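If you count the first sequence from 1, you need to add 1070 to reach this note's numbering. Every residue, glycine too, gets a C-beta built ideally from N, C-alpha and C. None of the values given here were measured: they were computed from a predicted structure.
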Amino acid sequence: MILEKKLKEVLMKAIETLGWRLAEPTFTLPKQKEHGDLATNIAFILAKQVGKPPIAVAQELVARIQPSPSFLKKIDVANPGFINFHIHPNAYFQLLSTIFKQGKKFGSQQLGKGTKVILEFVSANPTGPLNVVSARAAAVGDTLANILEKVGYKVHREYYVNDVGNQIDLFAQSLLARHLQIQGKEAEIPQEGYQGEYLKEFAKKLPKKKAFSAQQIGQLGVKAMVASQKESLKNFGVVFNKWFLQSELLKKKEIEKSLSRLQKTGHLYESEGAIFFRSTTFGDDKDRVVRKQDGEYSYFASDIAYHNDKFARKFNWVIDILGPDHHGYVSRTKAALQALGYDSNQLTVLISQQVNLLQNEVLVKMSKRAGKLITMDDLMKEVGKDVARYFFLMRSTSSHLDFDLELAKKETPENPVFYIQYAHARIASIFRKALQTKIKADFKKVALELLNLPEEGEIAKHLLEFPNVLAKTAKELEPHHLAFYVLELAKQFQSYYSQAKHDPRYKVVDLGNFETTNAKLYLLKNIQIVLQNALGILGVSAPQRMKKEDAASTL
RNA sequence: GCGCCCGUAGCUCAGUGGAUUAGAGCUCCUGACUACGGAUCAGGAGGUCGGAGGUUCGAAUCCUUCCGGGCGCGCCA
């Protein structure tokens, strides 16, 4: 925030005046009100250098802060050495104009400086519908992409389609078996094949008489699965820039090219009829096969080629979001990149952890083999896009997630999505009310001094934190910070608003007092802007009114 | 056995660039509101931050080790 920046300058100047070695102060938002609005631990950092206890350092520093910036109400030094700054609420209210003026753009930053990022996520096999783990990865990946774009990166969203290999062969054979069965012929799904109902459904749609080869029918199947995954993701608000086919790498001989580069630099060797990549050179547990005994390339070989391709496309930063079962690939992929001469630090791998669906506090068991699995489409039908996305985003990505289906369906404040959306709808409702009462808000001139309730200052302060939250979320690649932030904002508003019931000063629309009404509406407008921006990034809608069954009939 | 994730209130989880009295929601208890600007708000109870060592003036946060839970360890993808 801008106030932090100014405080930092003031402090650095004070440090300089005292002849101390420069250190950059950082600020925290104190939990306790008595500790002011911003606090710094700079005195602790300087203590060693100066050779005095932190409390003394703090006192000396504070004495040198002059002239004290006008937005400061008070500076305290607290044991054992904190400097607590109390900021004049009016400073916050004045800064609201940045939110109002920037509108949808509020929160945008240039941290990324236009760096090209490729974000690969979901990348599930095209052998069936997407499950809830993919859904989580989709929510996380898409939101991270939104955030990175917001803070100044140029983001490319990509889905890698494993459309060749063993699994695809099994898939093809399974589909062919279903096709034959439908025509009353003897056919069995292979041992490790795909048993799911969806293959039956798809097989029914195929021309009956036709005699397909496994390869032909497999291609049709893959095409259909990709199309259906694309559709599911679109309904979830996720659209990719590119669906990258593994088969393309084969066609273009990309695997051969990558491997021959590794060959030339001596990173490959042959053993027992297979070709290995010596990944242990770069810290992997064991060397990995790139060409199998049967002469086929391993999955890993194409993954090397794929990552090589990403770097060749001049992305400065490559982010992969993998499922929990793929974490073993991190070290070998990084090893391969190093062997190819790239900086493996330009690859960031995030693991999107598993999802436990809970129904009545009982884990919903899923078994792929028995064909009993809950798909992403099922989940969306059950709880809706908004709730699903938010629930996936409210936990840190690396943590296992308990998804409470009961809670997800509730339309009560216990459900955070409902609560947040209701805050937004409530503000919209207040504006409708204001219009009805013929109050015409004028935000060109707002009497900020009429915003004088403590909660109003707190809200303004929190609104102005939004860019910081985005920056933190982008830096840590952890969307849950944003999910928590927006929930907190909704809480603040709901609490503030409710006080009107027993305290008339909290009433927003007051016919007898246009100036106050106008100022409060202005604050509300800014809350609404931030709610919309935050929800937009999360991929959750910000409704103008909450729909309820009995209200629907009036339309 | 090795690797990754996790262990914070009864439950689900924030907080882990060390720092002022460890936070929130749910549950439980108490109290306000009788409202279409609706489908709430306020307060209270509740924690040896898995255990033990260590670094530090100061550790939920960093290091070591142990315990517990989940997942993964194919020439499948």
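PHE1501, DSSP secondary structure in three states:
Judged by DSSP in its simplified three-state form, PHE1501 adopts helix.
Which term fits THR1624, buried or exposed, when burial requires 16 or more other beta carbons within 10 angstroms of its beta carbon?
In this prediction, THR1624 has a pLDDT of 30, which is less than 50 and means its spatial position is unreliable; what the coordinates show is noted afterwards. Counting Cβ neighbours within 10 Å, THR1624 comes out exposed, since fewer than 16 surround it.
Could you tell me which residues DSSP pairs with VAL1388 in its beta bridges?
Note: VAL1388 sits in a beta bridge opposite ILE1188 and LEU1417.
Under the three-state DSSP convention, the category ASP1379 falls into:
Note: ASP1379 maps to helix in three-state DSSP.
So what does DSSP say about TYR1223, is it helix, strand or coil?
TYR1223: coil per DSSP, three-state reduction.
Residues in its own chain within less than 6 Å of GLU1619 by CB, not counting five upstream and five downstream?
No answer about GLU1619 holds up, because its pLDDT of 43 lies below 50 and its placement is not dependable.
For the beta strand (DSSP E) holding SER1565, just list the boundary residues, first then last.
Looking at the DSSP string, SER1565 is not in any beta strand (DSSP E); the run it does join, the alpha helix (DSSP H), is 1550-1568.
Please determine if the stretch 1610-1619 and the stretch 1495-1502 are in contact, where contact requires at least 3 C-beta pairs separated by less than 8 Å.
Contact between the stretch 1610-1619 and the stretch 1495-1502 is present, because at least three Cβ pairs lie under 8 Å.
Beta-carbon within less than 7 Å of GLU1074's beta-carbon, same chain only, minus the 5 sequence neighbours each way: which residues are those?
PHE1097 and LEU1108.
If you run the structure through DSSP and keep just helix, strand and coil, what is GLU1228?
Of the three classes helix, strand and coil, the one that applies to GLU1228 here is strand, per DSSP.
Count Cβ pairs between the stretch 1212-1227 and the stretch 1172-1184 that sit closer than 8 Å; are there 3 or more?
Three or more beta-carbon pairs drawn from the stretch 1212-1227 and the stretch 1172-1184 are found closer than 8 Å, and the two stretches are therefore classed as touching.
Within the continuous alpha helix (DSSP H) that includes GLU1326, where are the two ends?
Secondary structure note for GLU1326: its alpha helix (DSSP H) is the uninterrupted segment 1324-1334.
SER1283 - DSSP class collapsed to helix/strand/coil
Three-state DSSP puts SER1283 in coil, outside helix and strand.
Those residues which DSSP pairs with HIS1156 across a bridge:
Partner(s): LYS1144.
Note down the Cα distance separating SER1244 from LEU1290, rounded to an integer number of angstroms.
Taking the straight line joining both Cα atoms gives about 13 Å.
What residues in its chain sit with their C-beta under 6 Å from that of ASP1364, if we drop five residues either side in the sequence?
Counting only residues of its own chain and dropping the five nearest sequence neighbours on each side, ASP1364 has no CB closer than 6 Å to any other CB.
How is the alpha helix (DSSP H) around ASN1426 delimited, first residue to last?
No alpha helix (DSSP H) contains ASN1426, which is instead part of the beta strand (DSSP E) from 1425-1429.
Since ILE1169 contacts ALA1128 with CB under 8 Å, what's their CB separation in whole angstroms?
The beta-carbon distance between ILE1169 and ALA1128, rounded to whole angstroms, is 33 Å. This is too long to meet the 8 Å contact definition.
Distance, Cα to Cα, VAL1610 vs PHE1536?
A direct Cα-to-Cα measurement between VAL1610 and PHE1536 gives close to 17 Å.
Identify the continuous beta strand (DSSP E) that holds THR1110 and give its terminal residues.
Its beta strand (DSSP E) spans residues 1108-1110.
When you compare only the Cα positions, how much space is there between LEU1420 and ASN1232?
Taken atom to atom, the span from the alpha-carbon of LEU1420 to that of ASN1232 is near 19 Å.
Indicate the three-state DSSP secondary structure (helix, strand or coil) for ILE1444 in the structure shown.
Reduced to three states, the DSSP call for ILE1444 is coil.
For the putative contact between GLN1237 and ASN1195, defined by C-beta atoms under 8 Å, what is the C-beta separation to the nearest angstrom?
Contact annotation, GLN1237 with ASN1195: C-beta distance approximately 6 Å; criterion of less than 8 Å satisfied.
Proximity below 7 Å, CB of LEU1518 to CB of PHE1163:
Yes, the pair counts as a contact, with Cβ atoms nearer than the cut-off.
Residues bridged to ILE1345 by DSSP?
The partner list for ILE1345 (beta bridge, DSSP) reads GLU1340 and ARG1361.
Can the beta-carbon of ILE1325 be found less than 7 Å from the beta-carbon of ALA1382?
In this structure, ALA1382 does not lie closer than 7 Å to ILE1325 by Cβ.
Spell out a yes or no on whether the stretch 1407-1417 and the stretch 1374-1389 are touching, meaning 3 or more CB-CB pairs, one atom from each, closer than 8 Å.
With three or more CB-CB distances shorter than 8 Å, the stretch 1407-1417 counts as touching the stretch 1374-1389.
Per DSSP, the bridge partner or partners of TYR1369:
None, per the DSSP bridge assignment.
Tell whether a beta-carbon distance below 7 Å holds between ASN1485 and LEU1475.
With a cutoff of 7 Å on beta-carbon distance, ASN1485 and LEU1475 are scored as not near each other.
Between the stretch 1185-1203 and the stretch 1143-1160, are three or more C-beta pairs nearer than 8 Å?
Short answer: they don't touch.
Going by DSSP, which residues form a beta bridge with THR1098?
According to DSSP, THR1098 shares a beta bridge with ALA1109.
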